[in-house]
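Below is one structure; the comments refer to it alone.
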Amino acid sequence: MTSARSSSLDLPDAEATTRLGRALAVELRPGDTVLLAGEVGAGKTHLARAAIQAMLAVDGRSEDVPSPTFTLVQRYDCAAGAILHADLYRLGDLRDLDDIGLTDAMGQDICLIEWPELLGQAALDDALLVSLEPDASGTGRTARLSASAPRWQPVLDRLMAGGRSA
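Quick look at the structure:
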């Protein structure tokens, strides 16, 4: 097993977060899981929305991508495959993962999961973790990307090459 690798990107404004989401979208394929961590307002939904909209745009589609805070999961189908965007903040019990279709989707579809710490033991070791936190200015954020699975190593290299590392 490859040891975990971690990189940081400065995201000085919302547009930089959008660019990271678009760059990530290019890399995603069925079976990928991206865990989005950070406090309320850190930019998790913004990043997921940018990635989903970029994947839909490949199909010539433009649609609103709402936060799944109350639905827990939103599903999108596109040329890249099925995309599930989950917000686990209100998840009552890990058994609910089956009810919302997330258990079956992880490792099969593209999954973008907010509040991954609520997954407990269900978290995948082969996922990409993106942790977002506000920067000192209060207008930007820092994204820390980490993964141990070999699948993500070249992805991290490309994402870092396209962004400004911290």
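Numbering of the sequence shown is given in the working numbering, commencing with residue 1277 and proceeding in unit increments.
Backbone N, C-alpha and C define an ideal beta-carbon position, used for all residues, glycine too.
Here the structure is a predicted model, which is why all the values come from computation and not from measurement.
{"Asked": "Sheet register partners of A1324 (DSSP bridge)", "Found": "Paired residue(s): none; A1324 is not in a bridge."}
{"Asked": "Outcome for Q1429 when other beta-carbon atoms lying within 10 angstroms are tallied against a minimum of 16", "Found": "exposed"}
{"Asked": "As assigned by DSSP and simplified to three states, the class of V1341", "Found": "coil"}
{"Asked": "Top-ranked residue by Cα proximity to G1317, from L1348, T1415 and L1435", "Found": "T1415"}
{"Asked": "C-beta contact flag for L1367 and L1408 at 8 Å", "Found": "no"}
{"Asked": "Extent of the continuous alpha helix (DSSP H) run through Q1429", "Found": "Q1429 to G1438"}
{"Asked": "Beta carbon of L1323 nearer than 8 Å to that of G1297", "Found": "yes"}
{"Asked": "Counterpart residues of P1306 in DSSP-defined beta bridges", "Found": "Beta-bridge pairing links P1306 to no other residue."}
{"Asked": "Per DSSP, the bridge partner or partners of Y1365", "Found": "Y1365 pairs with nothing; no bridge assigned."}
{"Asked": "Own chain residues within Cβ distance below 7 Å of S1422, not counting five before or after", "Found": "A1280, R1281, S1282 and L1405"}
{"Asked": "Distance cut-off 7 Å: L1304 Cβ against heavy atoms of the ligand PLP", "Found": "You won't find the ligand PLP in this model; it holds no ligand whatsoever."}
{"Asked": "Top-ranked residue by Cα proximity to A1356, from R1295, R1371 and D1385", "Found": "D1385"}
{"Asked": "Extent of the continuous alpha helix (DSSP H) to which A1419 belongs", "Found": "Note, A1419: premise wrong, no alpha helix (DSSP H); beta strand (DSSP E) at R1417 to A1423."}
{"Asked": "Alpha-carbon to alpha-carbon, D1375 and A1419", "Found": "31 Å"}
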